[in-house]
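**Q** Heads up: the protein sequence lines correspond to chains F and S, in order. Numbering-wise (the working numbering), the first sequence opens with residue 3 and increments by one. Numbering-wise (the working numbering), the second sequence opens with residue 756 and increments by one. For glycine and all other residues, C-beta sits at the position ideal for the given N, C-alpha and C.
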Amino acid sequence: MIPEDREERDLLAAEYVLGTLEAREAAALEEALPGDAGLRQEVDRWRRRLAPLSHLQPALDPPPALWPRIEASLAGLGPAPSRAAPRREKAGWMWRGWALGSTALAAGLAAFLWLRPAPERLTTVLLTQRDQPAWLVEAQGGALRLAALNPQPVDPSRVLQLWALPQGATAPTSLGLIPGDGSVTVTPGGLAPSPGMLIEISLEPPGGSPTGRPTGPILFIGRLTAVGGA
Amino acid sequence: MDGQHQSMEFLLADIARGRRDALRPVYDAQASRMFGVAMAILRDREAAADAVHDAFLKIAGRAGQYDSARGPAAAWMMGIVRNAALDRARARGRELPTDDPGLGDAALEPRVLEEIAEQEDGRRLQECLDQLDAHPRGAILLAFVHGLSHPQIGERLKAPLGTVKSMIRRGLLRLRECMT
């Protein structure tokens with residue numbers, strides 16, 4: 003059903019994004035997507051190329067009953083696949099804490115966390131919610147190295163906790179705390195850095211999350227990608 | 756604008772971890788644009804609300820498939836709502852001729868190109884669309900914005916069906932060349 007010819011595949015992706023495929027063709031493409039990374043990339047590329055066109059339609063307020071209906075349908079689906087600990091703080095709170103806190107992270111702070119050997123070199127830049135690069139993360143030979151790119155003051159009554167979420171996992175695993183004085187916290191455990199692994203830093207109460215899941219807001223986030231063979 | 760789409764990405768990461776309460780801020784920020792997109796395709800408030808409903812259930816279920824390498828989160832979600840609306844348009848038989856003679860007029864007016872250029876990342880797309888002939892450009896806009904099928908576009912542009920298909924394909928290839 004999905005053509006092998008490159009040009010035909012790309013045109014199929016384009017027509018899918020454009021919306022001109024017949025129901026049957028669109029369904030076949032959607033069925034192929036999860037197992038076809040190349041096709042997924044073509045679809046993503048076309049979606050990005052044509053994205054400005056979805057601003058041509060005027061925004062319209064949906065009927066007020068729509069959200070309650072969505073909520074009811076979600077409740078009918080049963081519990082979410084992974085259940086994080088309930089947030090104990092309102093989302094808006096943390097940015098104030100982040101901005102007004104007085105303890106500056108030492109410039110160039112680096113923490114090393116020794117994990118199981120990984121076969122390749124992986125890297126990512128953790129971004130803030132405002133899209134600012136904040137941490138460079140490199141993983142090689144099982145070590146995860148963090149370097150602060152743009153040290154910011156952090157609320158003195160909170161700590162930063164590092165988490166990893168391997169692809170396909172439903173809950174993040176703590177890799178330990180990132181202390182303000184630059185000392186190192188090692189977390190034993192058999193988690194190897196892997197491509198696609200999500201790395202996050204959350205703001206937690208002193209001593210770290212009491213629940214084993216992030217309880218505070220995620221301040222920084224990035225996804226490890228391979229940068230070449232080891 | 757950047758801050759907004761970035762925070763959408765964070766919200767999606769929260770949703771992927773099972774925090775369904777993160778859907779509400781996504782809804783608050785995106786629902787009116789999504790509803791506008793669905794209305795342009797379905798032209799029926801009830802059907803458009805159904806499409807946005809479907810889209811949010813899909814977003815809740817598929818948030819884990821999103822990552823920032825796939826482009827801005829808002830565009831990813833807009834793709835989901837367009838597909839939900841197109842699915843409904845197909846299901847109700849969009850091959851029926853539209854009874855709205857003015858449908859798509861806006862998409863065919865010259866000033867539409869200026870509007871595209873004003874959008875984030877819209878300048879390049881506008882320049883490339885501008886290089887296409889009026890017919891393929893209009894066909895692409897009618898398909899994307901209003902979800903018109905090949906026969907409907909043919910009717911709207913008074914062009915034979917086979918011509919519509921091939922001019923859209925050629926137009927898309929030229930867009931791709933022009934935008935890379």
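In whole angstroms, what separates the C-alpha of residue 929 (chain S) from that of residue 891 (chain S)?
**A** Cα to Cα, residue 929 (chain S) sits roughly 10 Å from residue 891 (chain S).
**Q** What is the DSSP secondary structure of residue 135 (chain F), counted as helix, strand or coil?
**A** If DSSP states are grouped into helix, strand and coil, residue 135 (chain F) belongs with the strands.
**Q** Between the segment 28 to 59 of chain F and chain S, which residues of the former have a C-beta closer than 7 Å to a C-beta of the latter?
**A** Answer set for the segment 28 to 59 of chain F: 46, 49, 50, 51, 52, 53, 54, 55, 56, 57, 58, 59.
**Q** Who does residue 790 (chain S) pair with in a DSSP beta bridge?
**A** Paired residue(s): none; residue 790 (chain S) is not in a bridge.
**Q** Would you identify the three-state DSSP class for residue 163 (chain F), choosing helix, strand or coil?
**A** In this structure, residue 163 (chain F) counts as strand in the three-state DSSP scheme.
**Q** Is there contact here, the segment 800 to 816 of chain S with the segment 838 to 848 of chain S, by at least three beta-carbon pairs under 8 Å?
**A** Because the criterion of three Cβ pairs below 8 Å is met, the segment 800 to 816 of chain S and the segment 838 to 848 of chain S touch.
**Q** Using C-beta distances below 8 Å, list every residue in its chain close to residue 887 (chain S), excluding the 5 sequence neighbours before and after it, in chain order.
**A** These residues qualify, in order along the chain: 895, 926, 929, 930.
**Q** Residues in the same chain with beta-carbon distance under 6 Å from residue 17 (chain F), minus the five sequence neighbours each way, listed in chain order, please.
**A** Cβ within range, chain order: 23.
**Q** Distance check for residue 76 (chain F) and residue 149 (chain F), CA to CA, integer angstroms please.
**A** Computed Cα separation, rounded: 40 Å.
**Q** If you reduce the DSSP assignment to three classes, tell me which class residue 176 (chain F) lands in.
**A** Looking at residue 176 (chain F) - three-state DSSP - the assignment turns out to be strand.
**Q** Are residue 781 (chain S) and residue 58 (chain F) close, meaning C-beta to C-beta below 8 Å?
**A** Contact: no.
**Q** For residue 870 (chain S), decide whether its Cβ has a neighbour in chain F, counting only Cβ atoms nearer than 8 Å.
**A** Yes, contact with chain F.
**Q** Under the criterion of a Cβ to heavy atom distance below 7 Å, does residue 924 (chain S) qualify as lining the ligand COA?
**A** Absence of the ligand COA from the depicted structure is noted, as is the absence of any ligand whatsoever, leaving it without description.
**Q** Measure the beta-carbon distance from residue 63 (chain F) to residue 787 (chain S) and round it to whole angstroms, keeping in mind my assumption that it falls under 8 Å.
**A** With 8 Å as the limit, residue 63 (chain F) and residue 787 (chain S) qualify as a contact, their Cβ atoms being about 5 Å apart.
**Q** For the beta strand (DSSP E) containing residue 221 (chain F), name the first residue and the last one.
**A** Run containing residue 221 (chain F): 220 to 225, per the beta strand (DSSP E) assignment.
**Q** If you follow the alpha helix (DSSP H) that residue 14 (chain F) is in, where does it begin and where does it stop?
**A** Run containing residue 14 (chain F): 8 to 20, per the alpha helix (DSSP H) assignment.
**Q** Where does residue 915 (chain S) sit, in a helix, a strand or coil, going by DSSP?
**A** DSSP places residue 915 (chain S) in coil when its eight states are reduced to three.
**Q** Tell me whether residue 128 (chain F) sits in a helix, a strand or coil according to DSSP, three-state version.
**A** DSSP places residue 128 (chain F) in strand when its eight states are reduced to three.
**Q** Given that residue 706 (chain S) touches chain F, what residues does it touch there, using C-beta distances under 8 Å?
**A** In the structure as shown, chain S starts at 756 and stops at 935, and residue 706 (chain S) therefore has no counterpart that could be examined.
**Q** When you compare the CB positions of residue 815 (chain S) and residue 871 (chain S), do they come within less than 8 Å of one another, or not?
**A** No.
**Q** Restricting to Cα atoms, I'd like to know which of S:784, S:772, S:830 is closest to residue 47 (chain F).
**A** Residue S:830 is the option with its Cα nearest to residue 47 (chain F).
**Q** Determine the chain F residues that contact residue 723 (chain S) at a beta-carbon separation under 8 Å, and present them in chain order.
**A** Because chain S spans 756 through 935 in this model, residue 723 (chain S) falls outside it and cannot be assessed.
**Q** Which bits of chain F does residue 826 (chain S) rub up against, with CB to CB less than 9 Å?
**A** Those are 46, 47, 49, 50, 53, listed as they occur along chain F.
**Q** Exposed or buried, which one is residue 921 (chain S) when buried takes at least 16 other CB atoms within 10 Å?
**A** The residue in question, residue 921 (chain S), is exposed, as its Cβ has fewer than 16 Cβ neighbours within 10 Å.
**Q** Expressed to the nearest angstrom, what Euclidean distance is found between the alpha-carbon atoms of residue 227 (chain F) and residue 166 (chain F)?
**A** If I take the Cα positions, the gap works out to 13 Å.
**Q** Which residues in the same chain have their Cβ closer than 6 Å to the Cβ of residue 839 (chain S), if we skip the five residues on either side of it in sequence?
**A** So the list reads 806, 809, 810, once near-sequence residues are dropped.
**Q** For residue 909 (chain S), which residues in chain F fall below 8 Å Cβ to Cβ?
**A** By Cβ distance, chain F contributes nothing, its closest Cβ being about 12 Å from residue 909 (chain S), past 8 Å.
**Q** Of all the CB atoms in chain F, is at least one closer than 8 Å to the CB of residue 890 (chain S)?
**A** No, its Cβ sits nowhere closer than 8 Å to a Cβ of chain F.
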